[in-house]
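Notes for the one structure printed next.
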Amino acid sequence: MGAVQSFRDMCDSTKNTNVRFSLPAVCVVWQTAMIILFGIFIRYDEESDPHWFEHKKLNNISSDIENDFYFRYPSFQDVHVMIFVGFGFLMTFLKRYSFGGVGFNFLIAAFGLQWALLMQGWFHSLGTDGKITIGIENLINADFCVAGCLIAYGALLGKVSPVQLMVLTLFGITLFAVEEFIILTVIHARDAGGSMVIHTFGGYYGLAISWMLYRPNLDQSSRLQGSVYHSDVFAMIGTLFLWMFWPSFNSAITDHGDGQHRAVINTYLALASTVLTAMAVSSVFQKHGKLDMVHIQNATLAGGVAVGTAAEFMLMPYGALIVGFCCGVLSTLGYIYITPFMEKHMKIQDTCGIHNLHAMPGVIGGIVGAITAAAASESVYGHEGLIKTFDFEEAFKDMVPSKQGGHQAGGLCVALCFGIGGGILVGAILRLPIWGDPADVNCFDDEVYWEVPEDEESIPQILQYNNHMRNKDIADTNFTMEPVGRSRS
Amino acid sequence: MGAVQSFRDMCDSTKNTNVRFSLPAVCVVWQTAMIILFGIFIRYDEESDPHWFEHKKLNNISSDIENDFYFRYPSFQDVHVMIFVGFGFLMTFLKRYSFGGVGFNFLIAAFGLQWALLMQGWFHSLGTDGKITIGIENLINADFCVAGCLIAYGALLGKVSPVQLMVLTLFGITLFAVEEFIILTVIHARDAGGSMVIHTFGGYYGLAISWMLYRPNLDQSSRLQGSVYHSDVFAMIGTLFLWMFWPSFNSAITDHGDGQHRAVINTYLALASTVLTAMAVSSVFQKHGKLDMVHIQNATLAGGVAVGTAAEFMLMPYGALIVGFCCGVLSTLGYIYITPFMEKHMKIQDTCGIHNLHAMPGVIGGIVGAITAAAASESVYGHEGLIKTFDFEEAFKDMVPSKQGGHQAGGLCVALCFGIGGGILVGAILRLPIWGDPADVNCFDDEVYWEVPEDEESIPQILQYNNHMRNKDIADTNFTMEPVGRSRS
Amino acid sequence: MGAVQSFRDMCDSTKNTNVRFSLPAVCVVWQTAMIILFGIFIRYDEESDPHWFEHKKLNNISSDIENDFYFRYPSFQDVHVMIFVGFGFLMTFLKRYSFGGVGFNFLIAAFGLQWALLMQGWFHSLGTDGKITIGIENLINADFCVAGCLIAYGALLGKVSPVQLMVLTLFGITLFAVEEFIILTVIHARDAGGSMVIHTFGGYYGLAISWMLYRPNLDQSSRLQGSVYHSDVFAMIGTLFLWMFWPSFNSAITDHGDGQHRAVINTYLALASTVLTAMAVSSVFQKHGKLDMVHIQNATLAGGVAVGTAAEFMLMPYGALIVGFCCGVLSTLGYIYITPFMEKHMKIQDTCGIHNLHAMPGVIGGIVGAITAAAASESVYGHEGLIKTFDFEEAFKDMVPSKQGGHQAGGLCVALCFGIGGGILVGAILRLPIWGDPADVNCFDDEVYWEVPEDEESIPQILQYNNHMRNKDIADTNFTMEPVGRSRS
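Chains as they are written, first to last, in numbering that gives the first Met the number 0: chain A, 0 to 488; chain B, 0 to 488; chain C, 0 to 488.
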């Protein structure tokens with residue numbers, strides 16, 4: 000008994016969660032590196048440069064409204080809301096990890112988007128002068144890139160330190176940019192809403208890391224797993240902002256005109272359909288048909304993931320509804336059966352259930368995309384429409400839809416390989432005992448990395464005190480002195 | 000005593016709130032029907048079809064930016080936020096019905112918008128080939144149509160089952176589409192922001208249903224009526240998103256250019272004015288001049304409703320302020336006097352007070368619209384402006400403003416009739432004892448239809464336990480085993 | 000002892016917080032004045048008037064899409080969200096002042112924007128016919144103007160009455176409009192994102208008022224200072240909506256095309272950089288490296304303030320990162336050192352720490368703007384670009400960048416003077432004992448001005464009761480009768 004105890008003590012003593020040196024160091028070093036690299040590489044593109052005036056003249060552009068900014072800015076802001084409020088609040092559902100959910104999401108997204116601008120720039124926007132020029136589309140792509148890492152965070156929520164998250168993000172963005180380059184440019188797959196590039200990759204990346212970081216004694220913090228009433232309502236803020244703005248996500252970088260328009264319609268319909276089947280399955284599997292907030296918060300979004308690749312194609316409105324229908328069912332079943340199964344038999348602890356919300360629907364999305372692409376024809380798209388939608392130009396001008404379908408499938412495989420392989424690699428790095436991750440007993444607890452205010456329980460006492468003070472003489476009471484204002488020195 | 004008791008027991012025993020069969024069945028059947036009907040009827044319109052390229056050439060459209068998508072997409076997303084976050088969070092104010100407020104709102108909106116695309120399509124967008132073609136404007140109109148049913152839900156909040164809500168939505172959308180066709184197309188009334196079509200109809204539809212479903216013993220759940228501190232703050236999220244995006248609501252489908260521009264200005268001003276008078280009346284009717292969150296959450300929005308019809312007309316900025324001024328006063332007085340009066344003497348239990356926020360301001364909006372239309376003149380609008388604003392074209396090219404005013408008033412009457420008549424009809428259907436509605440004692444309680452997490456009270460115990468664990472040897476404690484992750488199997 | 004006590008009693012007895020007469024009177028009188036003044040002065044401009052059709056023809060405008068509405072409406076809605084949800088929810092962090100935070104923010108913003116339309120109109124948009132014509136840009140400017148007053152409210156949060164806030168707003172808007180006219184028109188400084196005009200002015204205006212209203216015994220309400228767990232999560236809603244939409248804030252009124260595009264990129268980058276350094280400094284100054292929500296909620300936004308003036312200039316992407324880097328550090332240090340210092344030694348009680356979030360970063364922004372302007376050259380901007388960016392036209396066509404830098408510095412001084420001077424003046428007015436401000440012991444307490452619902456503590460009792468009721472015969476229980484619905488009569 001004593002031996003076991005001292006061994007466990009030792010294990011726990013290695014869990015030093017003090018990040019007072021490592022977190023600031025990582026933040027400052029990496030931010031400094033960003034400044035230097037941005038100074039060397041990043042410039043404004045011709046649409047955000049004061050020479051736009053001359054550019055307009057040269058290219059015979061009649062009005063400022065044709066600046067790409069006006070085609071994409073509303074979608075960009077919606078995507079931005081999804082990244083910071085959507086993902087952030089979706090992760091506030093745990094009873095005592097809301098600060099970590101929304102706060103670390105904020106941290107890694109803010110770092111990730113800078114690194115993404117560089118990585119994606121080197122692969123996609125590097126000019127002949129060795130400079131990366133950026134405009135609104137690059138900002139959207141950077142947000143997309145970050146989404147992959149935030150998805151991965153979902154699997155690890157509550158079990159990792161902020162320093163680990165920064166490392167996860169650095170590697171995640173790097174892997175993402177390479178994978179994206181291979182899928183979109185080398186293989187020439189289309190993936191407007193990122194079913195493969197973002198969701199499949201991000202999902203399996205997170206699951207593989209979670210597998211590498213398996214905690215056999217995680218039940219020691221089971222008292223903190225699960226939600227309370229208000230934290231479930233907070234999570235609905237995240238769910239709804241993701242759900243509402245998903246049409247913008249899937250259409251943000253599609254073709255001007257009909258491309259953006261069609262992607263919005265398809266996504267809107269797929270999501271609506273998902274809500275109904277997710278609710279149906281949630282109800283049918285509970286005693287008395289009661290609905291489960293876990294399913295409502297997550298499975299209702301699966302349709303948006305699964306329609307990502309095909310959103311810009313001629314999926315047809317009923318096709319979008321069918322995709323949403325199936326995903327609502329499968330995703331909810333995933334929460335009921337697959338997540339506990341993976342936990343018990345596969346050593347994968349998936350806090351937010353990203354397998355059911357991102358990984359599996361992402362794969363479905365890749366398959367739907369491949370089928371829809373293979374089935375494309377000039378009779379449906381028109382001659383010009385087919386070329387424009389699938390970008391059958393330059394090196395790929397001899398491409399045909401059936402072959403494009405194969406390329407789409409190839410893209411899906413690349414995303415899977417990068418996700419799983421990359422996750423195992425990064426997971427191995429994150430196992431090193433230097434990152435300040437919490438002990439099993441302290442998982443899902445904001446106390447570890449945050450200054451947490453006093454409990455709510457003191458409120459009734461305050462109110463009682465309050466009423467008391469109003470009714471009696473206040474002069475002979477001594478108050479404790481405390482500095483005013485938002486300082487907490 | 001025993002006889003009374005057994006009678007009440009019997010009544011209560013008929014209240015079987017188990018929706019494990021009915022809810023999934025309704026969701027799956029109706030979603031399947033949607034897929035089939037969409038397959039038969041719904042197609043992309045020329046602006047969201049890959050033939051847009053040829054369409055542009057044919058119609059001499061110079062740039063993709065003239066795709067209707069770019070005129071309406073930002074407004075569409077704002078309206079979407081109003082429907083899902085605005086209405087959803089406004090209904091989270093009850094202390095133990097936040098899940099039902101935001102969750103059922105989500106369910107019926109997601110179903111309603113699909114059915115609305117079909118119903119409105121049959122009336123407004125049916126092509127000669129028997130197909131309905133949809134684009135961004137149809138999505139906005141579908142959201143509008145759903146709003147009518149969500150308003151009705153406000154009157155019934157906490158007292159109906161999700162199955163009843165699905166039935167209410169199916170009939171509500173159907174009635175809406177017919178009513179809208181009569182008002183806008185047959186009578187040729189204008190109603191940009193839907194004061195009549197949406198708010199008057201939706202308001203009276205909900206009130207009539209509530210009257211049909213009157214519960215004399217609703218006081219048995221009075222302990223759950225009312226808010227708690229945090230639920231009132233949640234409801235403010237709904238209020239503010241409705242308030243902020245109302246200019247988009249009223250301008251979303253008005254004419255390109257000055258029409259959208261003017262509708263935004265009028266709505267912005269009317270809403271600002273309403274806030275001040277709602278606060279004033281709220282304060283003057285309370286002891287010590289304290290403000291009541293019920294009024295701040297609801298009455299501040301009445302100006303947006305009342306300016307809906309006239310938002311695109313030359314209401315003039317001061318006119319918008321006057322409308323807002325009056326509605327702030329009347330709506331707040333409604334919460335203070337009319338809602339309790341209707342409850343006591345008219346057997347109408349209106350949980351959210353939709354009479355004061357939608358029904359009454361909607362009627363005011365219809366009247367303001369009729370007056371403003373009747374007062375229109377070429378000197379104010381210009382020759383072309385008058386024709387364009389009131390759509391005096393084709394069959395109505397001989398229309399004059401004074402006559403248009405009469406048509407507006409006629410439209411208001413139609414909205415009233417459809418709301419009240421439809422509500423009584425649907426209310427009768429919903430009285431059937433087959434829908435799984437809650438007993439009087441269980442109203443306003445999420446426990447009935449939702450898996451509700453453990454109470455917050457356990458948090459301090461968790462924290463105590465937490466501190467305890469940090470300070471002592473953890474090895475000899477036995478924890479209960481529980482599956483990790485978002486599964487709740 | 001008795002004498003001291005009776006003196007304090009007298010002081011407290013002068014603190015009559017009953018605003019039942021004053022608040023409604025102020026609201027109604029001022030709203031009526033607005034209606035009259037709007038009737039005399041405010042008209043639609045040519046882009047929101049039905050004569051737009053003729054205006055298009057006359058000015059050879061080819062499409063409705065070139066109406067300024069489509070250039071600015073998405074940004075306007077984002078700014079609107081920042082004003083009402085961003086500022087509003089950022090101020091919900093106090094444990095028992097969430098109603099006051101979001102509610103009074105709503106009140107003064109709704110009043111302020113009307114008065115701002117008039118004040119700014121008289122200075123900037125007064126036509127030869129004595130009418131002010133308004134369009135979407137005026138609405139944005141009105142929201143900007145209101146932001147100055149909301150910033151000032153941050154310093155006074157919890158310590159003033161709604162009537163004082165209305166007075167503060169009336170004078171604040173007036174001072175703002177004069178100051179803005181001097182800085183932008185007379186001095187010809189550029190200030191797209193309002194670092195000087197909005198943040199420096201608003202920050203010092205609030206701090207000066209707080210200094211005038213110093214409360215030596217504010218520690219009497221120290222039990223209510225600080226947050227609880229959920230109120231900190233609510234405040235994050237405000238933080239994130241401010242953070243996400245700040246690019247829209249800084250670009251909302253910049254030049255069409257490259258101007259708006261560049262301002263977005265610069266702001267996006269500066270804010271990302273700020274998050275990392277704010278987190279770093281927050282962690283390094285706490286025991287165990289724990290993060291403090293006060294810093295995450297506030298200091299992460301400082302970069303957006305500091306990049307405001309230079310956002311439309313050629314600050315370069317790395318320049319934006321540097322500005323963000325410095326502001327994250329300085330702002331967090333401000334919360335740790337400066338706010339307590341000002342409280343103890345300068346008699347300035349700054350509830351939200353606006354000095355660190357607005358005043359100081361605003362000054363930095365003014366300096367950055369002056370340097371960037373002075374360093375501008377034709378080689379970087381191009382000939383046309385330089386003229387367009389700095390508006391070197393008409394009376395200022397002989398201006399050169401170096402001189403413009405001086406004008407920028409001059410503008411900063413004017414903002415400082417108006418802020419401090421105006422604050423002292425208005426603070427003196429607000430000291431009069433007629434405004435219904437709370438006693439020291441009642442600060443930060445919603446009870447004073449709001450009907451607050453029963454405490455959450457009653458929920459477990461409700462639940463217990465609930466379960467109890469389900470298990471036993473309900474017939475012989477007497478319930479208290481209470482009106483249903485949202486009425487609280």
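Beta carbons: idealized from backbone N, C-alpha and C, even for Gly.
Span separating the alpha-carbon of A:K286 from that of B:R19: Residue 286 of chain A sits at position 287 when you count from the first residue of the first sequence. Residue 19 of chain B sits at position 20 when you count from the first residue of the second sequence. The straight-line gap separating the alpha-carbon atoms of A:K286 and B:R19 is approximately 8 angstroms.
Verify whether the separation of the beta carbon atoms of C:I133 and C:A108 is less than 8 angstroms. To locate residue 133 of chain C, count along the third sequence from 1; it is residue 134. To locate residue 108 of chain C, count along the third sequence from 1; it is residue 109. With a cutoff of 8 angstroms on beta-carbon distance, C:I133 and C:A108 are scored as not near each other.
Does the distance from the CB of C:G426 to the CB of C:L183 come in under 8 angstroms? The sequence position of residue 426 of chain C within the third sequence is 427, counting from 1. The sequence position of residue 183 of chain C within the third sequence is 184, counting from 1. Taking 8 angstroms as the Cβ cut-off, C:G426 and C:L183 do not qualify as a contacting pair.
Could you name the residues that DSSP lists as bridge partners for B:D128? As a position in the second sequence, residue 128 of chain B is number 129, starting the count at 1. Residue pairing by DSSP leaves B:D128 without any beta bridge partner.
Taking only three categories from DSSP, how would you classify B:L431? Locating residue 431 of chain B in the second sequence gives position 432, where the first residue counts as 1. When DSSP states are grouped into helix, strand and coil, B:L431 belongs to the coil group.
Helix, strand or coil: how does DSSP classify A:S226 here? Against the first sequence, residue 226 of chain A aligns to sequence position 227. If DSSP states are grouped into helix, strand and coil, A:S226 belongs with the strands.
Continuous alpha helix (DSSP H) stretch holding C:I41: start and end: Within the third sequence, residue 41 of chain C is the residue found at index 42, counting from 1. That residue, C:I41, is in no alpha helix (DSSP H); its beta strand (DSSP E) goes I41 to Y43.
Closer than 7 angstroms by beta-carbon distance: list the chain F residues that pair up with A:Q163, in chain order. Looking at the structure shown, chain F is missing, and the protein chains on hand are A, B and C.
Quick one, which of C:K346, C:G38, C:N66 and C:N59 has its alpha-carbon nearest C:P507's? Residue 507 of chain C is absent from the model: chain C starts at 0 and stops at 488.
Cβ-based neighbour list, A:P360, same chain, cut-off 8 angstroms, excluding 5 preceding and 5 following: Walking along the first sequence from the start, residue 360 of chain A turns up at place 361. Answer for A:P360: S194, H198, A301, G302, V304, A305, C326, L329 and S330, listed in chain order.
B:G307 vs B:L268 beta-carbon contact at 8 angstroms: Translated into positions along the second sequence, residue 307 of chain B becomes position 308. Translated into positions along the second sequence, residue 268 of chain B becomes position 269. Inclusion of B:G307 and B:L268 in the CB contact set at 8 angstroms is not warranted, their separation being larger than that value.
What is the rounded straight-line gap between the Cα of B:G318 and the Cα of C:S230? The residue labelled residue 318 of chain B in the question sits at position 319 within the second sequence. The residue labelled residue 230 of chain C in the question sits at position 231 within the third sequence. Distance between B:G318 and C:S230, taken at the CA atoms: about 39 angstroms.
Please confirm whether B:F75 has its beta-carbon closer than 8 angstroms to some beta-carbon of chain C. The residue given as residue 75 of chain B occupies position 76 in the second sequence. Answer no: the Cβ-Cβ gap between B:F75 and chain C never drops below 8 angstroms.
Any contact of the region 416-426 of chain A with the region 253-267 of chain C, i.e. 3+ C-beta pairs under 8 angstroms? Here the region 416-426 of chain A does not lie against the region 253-267 of chain C, with fewer than 3 beta-carbon pairs under 8 angstroms apart.
Ordered along the chain, which non-local residues of its own chain (more than five positions away) have a Cβ less than 7 angstroms from that of A:F143? Mapped onto the first sequence, residue 143 of chain A falls at position 144. The residues are G193 and I197.
Burial state of A:V28 (16 or more Cβ within 10 Å): By one-based count along the first sequence, residue 28 of chain A stands at place 29. By the Cβ neighbour-count rule, A:V28 is exposed, with fewer than 16 other Cβ atoms within 10 Å of its own.
Could you spell out the range, first to last residue, of the alpha helix (DSSP H) harbouring A:P73? Within the first sequence, the letter at position 74 stands for residue 73 of chain A. For A:P73, the uninterrupted alpha helix (DSSP H) run begins and ends at D67 to V80, by DSSP.
N- and C-terminal bounds of the alpha helix (DSSP H) containing B:C144: Position 145 of the second sequence holds residue 144 of chain B. Where B:C144 is concerned, the enclosing alpha helix (DSSP H) stretches over I135 to L155.
Suppose only complete runs of 4+ residues qualify. What are the alpha helix (DSSP H) ranges in the region 249-334 of chain B, listed by chain order? Secondary structure within the region 249-334 of chain B: the alpha helix (DSSP H) runs of 4 or more consecutive residues, fully enclosed, are 257-283, 292-297, 301-305 and 316-332 (chain order).
Select from A:L290, A:L241 and A:A188 the residue whose C-alpha is nearest the C-alpha of A:F395. As a position in the first sequence, residue 395 of chain A is number 396, starting the count at 1. Closest option to A:F395, Cα to Cα, is A:A188.
Measure the beta-carbon distance from B:L174 to B:F417 and round it to whole angstroms, keeping in mind my assumption that it falls under 8 angstroms. For this step, residue 174 of chain B is matched to residue 175 along the second sequence. For this step, residue 417 of chain B is matched to residue 418 along the second sequence. Their Cβ separation, rounded to whole angstroms, is 6 angstroms, which keeps B:L174 and B:F417 in contact under 8 angstroms.
Nearest-angstrom Cα separation, counted from C:F244 out to C:L112: Residue 112 of chain C sits at position 113 when you count from the first residue of the third sequence. Residue 244 of chain C sits at position 245 when you count from the first residue of the third sequence. Cα to Cα, the separation comes out at about 19 angstroms.
Should the region 118-126 of chain B be called in touch with the region 245-262 of chain B, which here means at least 3 C-beta pairs below 8 angstroms? No: fewer than three Cβ pairs fall under 8 angstroms.
Using Cβ-Cβ distances below 9 angstroms, what residues of the region 241-253 of chain A are close to chain B? When CB distances to chain B are screened at a threshold of 9 angstroms, the residues of the region 241-253 of chain A falling below it are W242, M243, F244, P246, S247 and S250, in chain order.
May I have the straight-line CA-CA distance separating A:E45 from C:A309, to the nearest angstrom? Within the first sequence, residue 45 of chain A is the residue found at index 46, counting from 1. Within the third sequence, residue 309 of chain C is the residue found at index 310, counting from 1. When rounded, the separation of the alpha-carbon atoms in A:E45 and C:A309 is 19 angstroms.
Less than 8 angstroms separating the beta-carbons of C:P316 and A:Q76? Residue numbering aside, residue 316 of chain C sits at position 317 when the third sequence is read from its first letter. Residue numbering aside, residue 76 of chain A sits at position 77 when the first sequence is read from its first letter. Going by C-beta atoms, C:P316 is not nearer than 8 angstroms to A:Q76.
Out of curiosity, what's the CA-to-CA distance linking A:F180 and C:A414? Locating residue 180 of chain A in the first sequence gives position 181, where the first residue counts as 1. Locating residue 414 of chain C in the third sequence gives position 415, where the first residue counts as 1. Distance from the CA of A:F180 to the CA of C:A414, rounded to the nearest whole angstrom, comes to 49 angstroms.
When the Cα atoms are used, what is the spatial distance from A:L356 to A:L411? Start at 1 with the first residue of the first sequence, and residue 356 of chain A comes out as number 357. Start at 1 with the first residue of the first sequence, and residue 411 of chain A comes out as number 412. Straight-line measurement puts the Cα of A:L411 at about 17 angstroms from the Cα of A:L356.
Under 7 angstroms by beta carbon: chain A residues contacting B:N17: On the second sequence, residue 17 of chain B is found 18 positions in, with the first residue counted as 1. Ordered by position in chain A, the residues that pass the 7 angstroms Cβ test against B:N17 are H287 and G288.
Just to confirm, is the Cβ distance from A:Y204 to A:M313 under 8 angstroms? Mapped onto the first sequence, residue 204 of chain A falls at position 205. Mapped onto the first sequence, residue 313 of chain A falls at position 314. No; because the gap between Cβ atoms is not below 8 angstroms, this pair is not in contact.
Burial state of B:V84 (16 or more Cβ within 10 Å): Numbered from its first residue, the second sequence carries residue 84 of chain B at position 85. Buried is the call here.
By Cβ distance below 7 angstroms, which residues in the same chain neighbour B:P161 in space, the five residues on each side in sequence not counted? Here residue 161 of chain B is taken as the residue at index 162 of the second sequence, counted from 1. The answer, listed in chain order, is V18, L22, F103, L106 and Y448.
Measuring alpha carbon to alpha carbon, tell me which of B:V280, B:F443, B:D190 and B:E178 ends up nearest B:F248. Here residue 248 of chain B refers to the residue found at position 249 of the second sequence. If we check each option's Cα against that of B:F248, B:D190 comes out closest.
Rounded distance between the beta-carbons of B:G409 and B:A373, thought under 8 angstroms: On the second sequence, residue 373 of chain B is found 374 positions in, with the first residue counted as 1. On the second sequence, residue 409 of chain B is found 410 positions in, with the first residue counted as 1. Not really, about 12 angstroms apart at Cβ, beyond 8 angstroms.
Look at the Cβ atom of A:L89, then the Cβ atom of A:L241, and state whether they are nearer than 8 angstroms. Looking up residue 89 of chain A in the first sequence gives position 90. Looking up residue 241 of chain A in the first sequence gives position 242. Cβ distance < 8 angstroms, so A:L89 and A:L241 count as in contact.
Any idea if B:N441 is buried or exposed, counting beta-carbon neighbours within 10 angstroms, 16 or more meaning buried? Taking the second sequence and counting its residues from 1, one reaches residue 441 of chain B at position 442. Around the beta carbon of B:N441, 16 or more other beta carbons sit within 10 angstroms, so the residue counts as buried.
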